[in-house]
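Student: Numbering (the numbering used here), first residue to last: 66 to 376. Quick reminder that beta carbons are idealized off the backbone N, C-alpha and C, glycines included. The structure under discussion is supplied below as structure tokens; questions concerning it will follow.
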Ligand code: URA
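The structure is reproduced here in structure tokens:
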């Protein structure tokens, strides 16, 4: 396949383990990762990012900064108590990005369009930096389906509101569907980091429904608009439960589709902040939510430590 600026499909990256990427990436000199405020001319990607093995992402800048400090402590990289991490994407004014040795921590905002922009730029970063087999993990919150609030759900696959395991995008006005499978082995490895003797919460693996909004797309009755009944909602959520859907969130379709297209192992690990079979509004006090939000972080930090030091 001859591309616009003369690149051929078979001229794919040789030094990098990613597959299926835009064959024209190498023609972009420099390549500007606009939303991260980084470019290949002013940053030496192999030098700065070449050692990255884990890319962790979550919704908010604050959560990811906290996670970066937590990982620093967990993998024993803390140089001194005053170590201050720099937001490497500050210039882009969109996402935050912290690097702790081989771990990158990025915020992705809300929804598939937002995480998909971040993923395009992080995947290009991995390519330019010549990273070997990076693992991508999304940590976040979700609405549970038939699971107790506080339970951690690791996604087996992402499905849309019709339970179709594909991320649909419109390219030139034409629907293109990309499979939204996640790495089963990685999901199992993260689940094994749950310690039933120590952790006072459950961790389960199940299908994840990815909605494109928080209210109508998730069959909530408390949005500004609602044109269906409590009964319609119950029927839908019970149908989801009968199809092994364990949670609903808003980023897994794009995350699964983009990571698997690049041959990147990916996992989605979310804590349920309510059981949607019992309601819509989040009434749990903030202190408790803050504790629950740490649960996916704890499992993922253990997974990283185990992979770095015991594999
Ligand atoms: N995130 C979601 O997308 N839905 C919920 O119900 C909770 C968190």
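1) Using only the alpha-carbon positions, how far apart do residue 205 and residue 279 sit?
2) Can you find the residues in the same chain that come closer than 6 Å, C-beta to C-beta, to residue 322, ignoring five residues on each side of it along the sequence?
3) Taking the alpha helix (DSSP H) that residue 297 belongs to, which residues open and close that run?
4) Could you name the residues that DSSP lists as bridge partners for residue 87?
5) Beta-carbon within less than 8 Å of residue 376's beta-carbon, same chain only, minus the 5 sequence neighbours each way: which residues are those?
6) Quick check on residue 98: buried or exposed, where buried means 16 or more other Cβ atoms within 10 Å of its Cβ?
7) Work out the CA separation of residue 201 and residue 195 for me, nearest whole Å.
8) Judging by CA-CA distance, which residue of 285, 288, 260 and 283 is the nearest neighbour of residue 363?
9) Is residue 174 near the ligand URA, judged by its Cβ being under 7 Å from some heavy atom?
10) When the Cα atoms are used, what is the spatial distance from residue 316 to residue 107?
11) Is it the case that the region 354 to 362 contacts the region 298 to 316, given that we only count it when at least three CB pairs across the two stretches are under 8 Å?
12) When you compare only the Cα positions, how much space is there between residue 372 and residue 213?
13) Can you pull the DSSP bridge partners for residue 268?
14) Would you please state the rounded distance, in angstroms, between the beta carbons of residue 309 and residue 272? I believe it to be under 8 Å.
15) So what does DSSP say about residue 197, is it helix, strand or coil?
16) Who pairs with residue 330 in a beta bridge, going by DSSP?
17) Per the contact definition of three or more C-beta pairs closer than 8 Å, is the region 249 to 268 in contact with the region 339 to 353?
18) In whole angstroms, give me the CA-to-CA distance for residue 369 and residue 282.
19) Would residue 149 be called buried (16 or more neighbouring beta carbons within 10 Å of its own) or exposed?
20) Residue 199: which of 335, 353 and 329 sits nearest, CA to CA?
Tutor: Considering the structure as presented:
1) 14 Å
2) 232, 243 and 245
3) 295 to 307
4) Note: residue 87 sits in no beta bridge, so no partner.
5) none
6) buried
7) 15 Å
8) 260
9) no
10) 31 Å
11) no
12) 29 Å
13) Bridge partners of residue 268: 217.
14) Between residue 272 and residue 309 the Cβ distance is about 5 Å, and since that is below 8 Å, they are a contact.
15) coil
16) 200
17) Using a Cβ-Cβ distance cut-off of 8 Å, the region 339 to 353 and the region 249 to 268 are not in contact, since fewer than three pairs of beta carbons, one from each stretch, lie closer than that value.
18) 33 Å
19) exposed
20) 329
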